[in-house]
Amino acid sequence: MQLHTLLAIIAPAIATVQAGCFGSGPTWDPTKNTAVSVVDQICNSNGVSGFFTSGQTKSRCVNIRDHVRAQFEAQWTGGGSLSLNDGDCKLRLKNEINGCSHGGETITAQWRFK
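Mind the numbering: the sequence shown is residues -19 to -1, 1 to 95 in mature numbering (1 follows the signal peptide of the UniProt record, and there is no 0), read in order.
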């Protein structure tokens, strides 16, 4: 396979992911495990996963420790409607916890996670 063919194949996949960590605010430590457990609890159809219409955001604000709350969000930025399954919700929100000490935001495949 030639290089330009390979780039033509992988370029759309690369272009669909945008990510960034927040540079300030409280850190997850020492309660990172608590935050991960919260994600397991809120990624369901009554929380931040399930059916979405275009532009719809679902969020939950949760106490992580004394005087520290975390806002977890999922948003469908594409057209029409689509469902976010619980497993994908958990994976993506946990990536924001494990990948960024202050949390972060990622857009992938027209889903925004924060």
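C-beta atoms are modelled at their ideal positions from N, C-alpha and C, and glycine is treated no differently.
Computed from a predicted model, the values in this text were never measured in an experiment.
Report task. Enumerate in chain order the residues of its own chain whose CB-to-CB distance from Asn25 is below 7 Å, with the five nearest sequence positions on each side excluded. Result -> To locate residue 25, count along the sequence shown from 1; it is residue 44. Counting only Cβ-Cβ distances below 7 Å, and skipping sequence neighbours, we find Asp67.
Query - Beta-carbon proximity of Val(-3) to Thr89, cut-off 8 Å - result: As a first step, residue -3 is located in the sequence shown; it is residue number 17 there, counting from the start. As a first step, residue 89 is located in the sequence shown; it is residue number 108 there, counting from the start. Yes, these two residues count as a Cβ contact at 8 Å.
**Report entry** Lys71 and Asp21 closer than 8 Å at C-beta
**Finding:** Translated into the one-based positions of the sequence shown, residue 71 becomes position 90. Translated into the one-based positions of the sequence shown, residue 21 becomes position 40. The answer is yes: Cβ separation under 8 Å.
Query raised in the report: So, helix, strand or coil for Thr34, using DSSP?
Result: Here residue 34 corresponds to residue number 53 of the sequence shown, with the count starting at 1. In this structure, Thr34 counts as strand in the three-state DSSP scheme.
Report task. Output the boundary residues of the alpha helix (DSSP H) element that contains Cys2. Result -> Within the sequence shown, numbered from 1, the residue matching residue 2 stands at position 21. From DSSP, Cys2 is part of no alpha helix (DSSP H) but of the beta strand (DSSP E) over Val(-3) to Cys2.
Query raised in the report: For the alpha helix (DSSP H) that Gln52 lies in, which residues bound it at each end?
Result: Start at 1 with the first residue of the sequence shown, and residue 52 comes out as number 71. Counting along the chain, Gln52 falls outside any alpha helix (DSSP H), though it belongs to the beta strand (DSSP E) covering Val49 to Trp57.
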